[in-house]
Each structure stands twice: as C-alpha cells, then as structure tokens.
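What follows is a set of notes on a single structure, which appears directly below.
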Amino acid sequence: MNHLNVFRGPESVANYYNPDNSPPLPLVEIPDRLNPFRRDGVRIYAKLLTALPAQNVKSLPALGMLLAQPDAADKSIVEASSGSTVLSLGILSRVLWGNERVTAFVTNKKHPDSLKLLRFFGLKV
C-alpha cells in the first residue's frame, strides 16, 4: 500500500488506479438525523465510493473485467453502454495499456454533453 498516497514515475496513473496501491476507501457514519434506526442502537456506515479514481464506482468492475482478460491490451473493446461502465473501460484501458481502441454504442437519445465527455476521454462513439 502507498501510505503517503503519492504516485510518481512513468506508471504513476496505472499505479493510482491499482486498488492494491491505494489507501482503503473511507467509511463514514451516517449522522443521527439521517439514520431512522439510531434510536434502536443501529449505527449505519457508508463507504465513500466517490473517493475512487474518476469518482466512479463502475471503475471497480471495469478494472476487474480488464484484468481478467490480459489480452484486452491488444484488442478493441466495445461496450453497449453510454454511462459510467464504458467511461471506466475507456479510461482504464488507456491507463493500463495505452489501448485507445474503445467504442461505446449509445442510444440516439444521449445528451450531447455526455457524448462530449465520452469523446474527451478518447472513446469512439
């Protein structure tokens, strides 16, 4: 684990995305005013998944999918999604292997700003 949470060198971004190199995600207790069960002695904690790289919870399954397929580094990646999953696949494939061949098939109702975001991160739409 990287206790200082500092990433440097040519593999800095890939190391940042590697969960084994990052500090654990914080757990935060839900305040009494938001916890209807506190009177019964129940304490509720939330894991702050927004503390993940790219503030995207879908980066975890995307990372798992990519690492489970080592040959994904040399292949085109296609996802019929227009949201967080394909965005995470695009970012991670570039970070891990420099693979820029990620395509998102999206609905024709997708907002233009969302399309711009996907293209900004190098995805073909």
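Mapping of the sequence shown onto the numbering used here: position 31 corresponds to residue 175, and the numbering continues sequentially without gaps.
Just so you know, even glycine gets a beta-carbon here, dropped at the ideal spot from N, CA and C.
- Minimum Cα-Cα distance from Q199 among the listed residues D215, L210 and Y160 corresponds to Y160.
- Under the criterion of beta carbons closer than 8 angstroms, S237 and V250 do not qualify as touching, at roughly 18 angstroms.
- Runs of the beta strand (DSSP E) spanning 3 or more residues and lying entirely within the region 201–252 occur at 221–223 and 246–248, in chain order.
- Non-local C-beta neighbours of V239 in its own chain, meaning closer than 7 angstroms and more than five positions away in sequence, comprise V157, A158 and Y161, ordered along the chain.
- The beta carbons of A212 and T229 sit no closer together than 9 angstroms.
- Its Cα nearest to that of P170, the residue L193 stands out among R187, F181, L193 and R182.
- A Cβ-Cβ separation of about 6 angstroms places A248 in contact with S225 under the 8 angstroms criterion.
- Here V186 carries a coil assignment [DSSP, helix/strand/coil].
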